[in-house]
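Engineer: Protein chains in written order, with the numbering used here: chain A, 59 to 366; chain B, 35 to 208.
The C-beta atom is built at its ideal place from N, Cα and C for all residues, glycine as well.
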Ligand SMILES: Nc1ncnc2c1ncn2[C@@H]1O[C@H](COP(=O)(O)OP(=O)(O)O)[C@@H](O)[C@H]1O
Ligand SMILES: [Mg+2]
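#1: Taking the alpha carbon of residue 130 of chain B as the point to measure from, which residue in B/37, B/192, B/58 has its own alpha carbon closest?
#2: What is the DSSP secondary structure of residue 47 of chain B, reduced to helix, strand or coil?
#3: Decide if residue 251 of chain A is buried, meaning its Cβ has at least 16 other Cβ atoms within 10 Å, or exposed.
#4: Taking 7 Å as the line, does the beta carbon of residue 82 of chain A fall inside it for any heavy atom of ligand 2?
#5: In whole angstroms, give me the CA-to-CA distance for residue 249 of chain A and residue 337 of chain A.
#6: Just grab the DSSP bridge partners of residue 206 of chain A for me.
#7: With 8 Å as the C-beta to C-beta threshold (strictly closer), list the residues of the stretch 94–105 of chain B near chain A in chain order.
#8: Which stretch, first to last residue, makes up the alpha helix (DSSP H) that contains residue 75 of chain B?
#9: Hey, quick one: how far does the beta strand (DSSP E) through residue 69 of chain A stretch, first residue to last?
#10: Would residue 309 of chain A pass as an interface residue toward chain B - the criterion being a Cβ-Cβ separation below 8 Å?
#11: Buried or exposed: where does residue 103 of chain B fall if 16 or more other Cβ atoms within 10 Å of its Cβ makes it buried?
#12: Quick check on residue 73 of chain B - is its C-beta less than 8 Å from some C-beta in chain D?
#13: Considering Cα atoms alone, identify which of B/166, B/157, B/164, B/49 is closest to residue 178 of chain B.
#14: Examine chain B for any beta-carbon lying closer than 8 Å to the beta-carbon of residue 230 of chain A, and answer yes or no.
#15: At the 8 Å Cβ level, is residue 82 of chain B part of the contact set with chain A, yes or no?
#16: Counting only C-beta atoms, is residue 127 of chain B closer than 8 Å to chain A at any point?
#17: Residues of chain B with a CB under 8 Å from the CB of residue 250 of chain A: which are they?
#18: Indicate whether the contact test is met: 3 or more Cβ pairs, each with one atom in the stretch 135–143 of chain A and one in the stretch 163–173 of chain A, closer than 8 Å.
#19: Would the stretch 347–354 of chain A count as touching the stretch 74–92 of chain A if we require 3 or more Cβ pairs under 8 Å?
#20: Comparing C-alpha positions only, which one of B/51, B/92, B/134, B/48 sits nearest to residue 69 of chain B?
#21: Under a Cβ-count criterion, where at least 16 other Cβ atoms within 10 Å of its own Cβ denotes burial, should residue 215 of chain A be classed as buried or exposed?
#22: Keeping to the same chain, check which residues put their C-beta closer than 8 Å to that of residue 151 of chain A; ignore five residues upstream and five downstream.
#23: Once you ignore the five residues that flank residue 199 of chain B on each side, which residues in its own chain have a CB closer than 7 Å to its CB?
#24: For residue 201 of chain A, count neighbouring Cβ atoms within 10 angstroms of its own Cβ and tell me buried if that reaches 16, exposed if not.
#25: Along the stretch 193–219 of chain A, where does the CB come closer than 8 Å to a CB of chain B? Name the residues.
#26: Do you know offhand how far residue 190 of chain B's Cα is from residue 119 of chain B's?
#27: Sort A/257, A/148, A/353, A/78 by Cα distance to residue 120 of chain A and report the nearest one.
#28: Would you grab the beta carbon distance between residue 241 of chain A and residue 256 of chain A for me? Rounded to a whole angstrom, and I think it's under 8 Å.
#29: Looking at the C-beta of residue 64 of chain B, does it have a partner C-beta in chain A at a distance below 8 Å?
#30: Hey, does residue 144 of chain A have any beta-carbon neighbour from chain B nearer than 8 Å?
#31: Identify, in the order they occur along the chain, each residue of the same chain with its Cβ nearer than 8 Å to the Cβ of residue 300 of chain A, setting aside the five sequence neighbours on each side.
#32: Would you list the residues sitting across from residue 103 of chain A in a DSSP beta bridge?
#33: Taking the straight line between their C-alpha atoms, what separation do you get for residue 231 of chain A and residue 277 of chain A?
#34: Is there a C-beta anywhere in chain A that falls below 8 Å from the one on residue 92 of chain B?
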């Protein structure tokens with residue numbers, strides 16, 4: 059996304075349709091790795107089921123985003139020490155509100171406060187699902203990261219999430235240009251226009267006018283997601299990241315970077331149960347090395363390629 | 035002629051403009067597999083992407099690959115022959131023939147060993163028809179399949195041919 063000059067920090071967000079793929083584990087580990095390079099605040103925006111603290115080896119902090127939404131306490135006053143240098147945590151609320159429960163005005167205020175946090179990086183962990191509040195938070199990020207696993211459900215969810223995210227963003231831009239509801243109304247008449255999929259919808263919209271085509275082309279060329287494959291068990295699993303990247307391009311016209319993979323490692327749940335952060339407890343573990351590499355790739359824009 | 039004129043083909047194979055012939059071949063084999071063999075990455079969109087659309091993508095991949103082979107011919111002033119030309123006329127795929135094809139395609143053993151994850155010594159034994167040094171038949175067959183795939187040959191046909199000669203020789207004790 060475009061950089062706002064008043065913004066102090068760079069925002070990274072992890073999303074993806076499915077729960078349980080390892081978004082929170084991956085994001086928290088990247089946060090720990092990134093904290094060696096700059097100041098990081100991690101935000102647990104999984105408003106229904108906050109659990110990021112577990113991956114840092116912490117028990118639930120008493121302060122949470124609920125205090126921001128309900129008691130109007132400043133975000134910066136809610137950041138708790140993570141026990142790791144340079145890394146603060148803004149924990150989510152459990153049970154009380156979900157992504158659906160946030161009003162428009164609250165959301166804007168939340169976004170504005172996040173952008174003004176005095177830190178180098180803000181890492182946002184999102185819940186599962188494609189609620190528009192979740193998607194809007196994802197779109198706030200300069201680096202949009204999607205975590206998948208080598209399983210068909212996760213990949214199906216990922217495609218779905220990605221298309222929702224892109225259309226949400228396109229919808230906002232269209233509205234700014236006076237084409238409110240263009241996407242929705244076209245999609246509702248898809249049978250009439252013989253539109254069967256995302257790409258055909260995009261191509262149909264492009265044909266409406268040169269202005270619309272221009273908007274779509276510029277949004278598609280700006281739009282870029284980072285893919286991380288988690289819980290890989292063999293080389294074939296690792297290649298799935300490459301395949302998904304190609305499918306996104308050839309079937310949807312969406313560019314992505316395959317930023318890296320993390321192997322399946324039983325030590326992940328062991329460290330959680332022992333209230334330890336994996337990166338701290340097993341700094342030489344497989345996942346730790348892979349997370350370091352991913353963090354480097356996210357910073358530099360490098361990726362895993364089939365040609366090495 | 036320069037690479038910029040071939041950008042479209044590099045884009046289709048999702049490669050940077052400075053890629054080598056080995057890169058082009060790897061990308062081609064990889065993409066061809068993604069778009070011809072159903073897998074967990076394509077199954078979720080099976081309903082919405084018609085078979086014509088998929089065939090069109092495969093056609094573009096083929097076209098890009100063959101177009102780029104011409105570019106490499108030009109750059110090296112030699113002929114990287116189309117695989118089908120080499121293969122027609124071969125009756126038995128023994129080690130010597132496989133080696134000859136590999137060399138014509140200018141693929142070195144290092145790349146091959148890395149991509150197929152077969153130890154180089156096995157590849158050498160395979161190519162020199164050194165049957166005694168090869169592992170038991172099921173493994174050897176697996177090697178031949180991977181080897182053939184990497185050269186874009188029909189793996190079943192090649193393995194069939196290679197193994198029948200191997201079995202014959204082993205039986206008759208050479
Ligand atoms: N690479 C991995 N190896 C083994 N277990 C993992 C790995 N990544 C995540 N897990 C386990 O999977 C479960 C879900 O992870 P979590 O990060 O909470 O997913 P999400 O945030 O996507 O819902 C956790 O119990 C975690 O311990
Ligand atoms: Mg989570």
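Structural biologist: The answer reads as follows:
#1: By one-based count along the second chain, residue 130 of chain B stands at place 96. Checked all of B/37, B/192, B/58; the closest Cα to residue 130 of chain B is B/192.
#2: Numbered from its first residue, the second chain carries residue 47 of chain B at position 13. It is coil, neither helix nor strand.
#3: Here the question's residue 251 of chain A lines up with position 193 in the first chain. Exposed: under 16 other Cβ atoms inside 10 Å.
#4: The count along the first chain starts at 1 and reaches residue 82 of chain A at position 24. Within the cutoff, so yes.
#5: Here residue 249 of chain A refers to the residue found at position 191 when the first chain is read from its first residue. Here residue 337 of chain A refers to the residue found at position 279 when the first chain is read from its first residue. Computed Cα separation, rounded: 51 Å.
#6: Here residue 206 of chain A refers to the residue found at position 148 of the first chain. According to DSSP, residue 206 of chain A bridges with A/287.
#7: If you check each beta-carbon in the stretch 94–105 of chain B against every beta-carbon of chain A, none falls closer than 8 Å.
#8: For the purposes of this step, residue 75 of chain B is taken as the residue at position 41 of the second chain. Premise fails: residue 75 of chain B is in no alpha helix (DSSP H) and is neither H nor E.
#9: The residue labelled residue 69 of chain A in the question sits at position 11 within the first chain. From DSSP, the beta strand (DSSP E) with residue 69 of chain A extends over 68–73.
#10: Indexing the first chain from 1 puts residue 309 of chain A at position 251. Yes, because at least one Cβ of chain B sits closer than 8 Å to the Cβ of residue 309 of chain A.
#11: Locating residue 103 of chain B in the second chain gives position 69, counting from the first residue. Counting the other Cβ atoms within 10 Å of the Cβ of residue 103 of chain B gives 16 or more, which makes it buried.
#12: Protein chains in the displayed structure are A and B, and chain D is not among them.
#13: Reading the second chain from its first residue, position 144 is the one you call residue 178 of chain B. Of B/166, B/157, B/164, B/49, the residue nearest in Cα terms is B/157.
#14: What you label residue 230 of chain A is simply residue 172 of the first chain in a count that begins at 1. Not one chain B Cβ lies under 8 Å of residue 230 of chain A.
#15: Numbered from its first residue, the second chain carries residue 82 of chain B at position 48. At least one chain A Cβ lies under 8 Å of residue 82 of chain B.
#16: As a working mapping, residue 127 of chain B is identified with position 93 in the second chain. Chain A contact via Cβ: absent.
#17: Locating residue 250 of chain A in the first chain gives position 192, where the first residue counts as 1. Ordered by position in chain B, no residue passes the 8 Å Cβ test against residue 250 of chain A, which lies about 17 Å from the chain.
#18: No, the stretch 135–143 of chain A does not touch the stretch 163–173 of chain A.
#19: The stretch 347–354 of chain A and the stretch 74–92 of chain A touch, with no fewer than 3 CB-CB distances between them shorter than 8 Å.
#20: Here residue 69 of chain B refers to the residue found at position 35 of the second chain. With respect to the C-alpha of residue 69 of chain B, the residue from B/51, B/92, B/134, B/48 having the closest C-alpha is B/92.
#21: Here residue 215 of chain A refers to the residue found at position 157 of the first chain. When all chains shown are included, residue 215 of chain A counts as buried.
#22: Your numbering for residue 151 of chain A matches position 93 in the first chain. Residues of the same chain with a CB within less than 8 Å of the CB of residue 151 of chain A, apart from the 5 flanking positions on each side, are 105, 108, 122, 123, 124, 127 in chain order.
#23: For the purposes of this step, residue 199 of chain B is identified with residue 165 of the second chain, where counting begins at 1. Only 126, 128 meet the Cβ criterion.
#24: Translated into positions along the first chain, residue 201 of chain A becomes position 143. Residue 201 of chain A comes out buried.
#25: Residues 208, 209, 210, 213, 214, 217.
#26: What you label residue 190 of chain B is simply residue 156 of the second chain in a count that begins at 1. What you label residue 119 of chain B is simply residue 85 of the second chain in a count that begins at 1. Straight across, the Cα-Cα distance linking residue 190 of chain B with residue 119 of chain B is about 19 Å.
#27: Taking the first chain and counting its residues from 1, the one referred to as residue 120 of chain A is at position 62. If we check each option's Cα against that of residue 120 of chain A, A/148 comes out closest.
#28: Position 183 of the first chain, counted from the first residue, corresponds to residue 241 of chain A. Position 198 of the first chain, counted from the first residue, corresponds to residue 256 of chain A. About 11 Å; that fails the 8 Å criterion.
#29: As a first step, residue 64 of chain B is located in the second chain; it is residue number 30 there, counting from the start. Chain A contact via Cβ: present.
#30: Residue numbering aside, residue 144 of chain A sits at position 86 when the first chain is read from its first letter. Not closer than 8 Å to any Cβ of chain B, the Cβ of residue 144 of chain A fails to qualify, so no.
#31: Indexing the first chain from 1 puts residue 300 of chain A at position 242. Same-chain partners within the cutoff: 316, 362, 363, 364.
#32: On the first chain, residue 103 of chain A is found 45 positions in, with the first residue counted as 1. DSSP, once it has assigned bridges, lists A/184 as partnering residue 103 of chain A.
#33: On the first chain, position 173 is the one that residue 231 of chain A refers to. On the first chain, position 219 is the one that residue 277 of chain A refers to. Taking the straight line from one Cα to the other gives about 9 Å.
#34: Stepping through the second chain from its first residue, residue 92 of chain B is reached at position 58. At a cut-off of 8 Å, the C-beta of residue 92 of chain B has no neighbouring C-beta in chain A.
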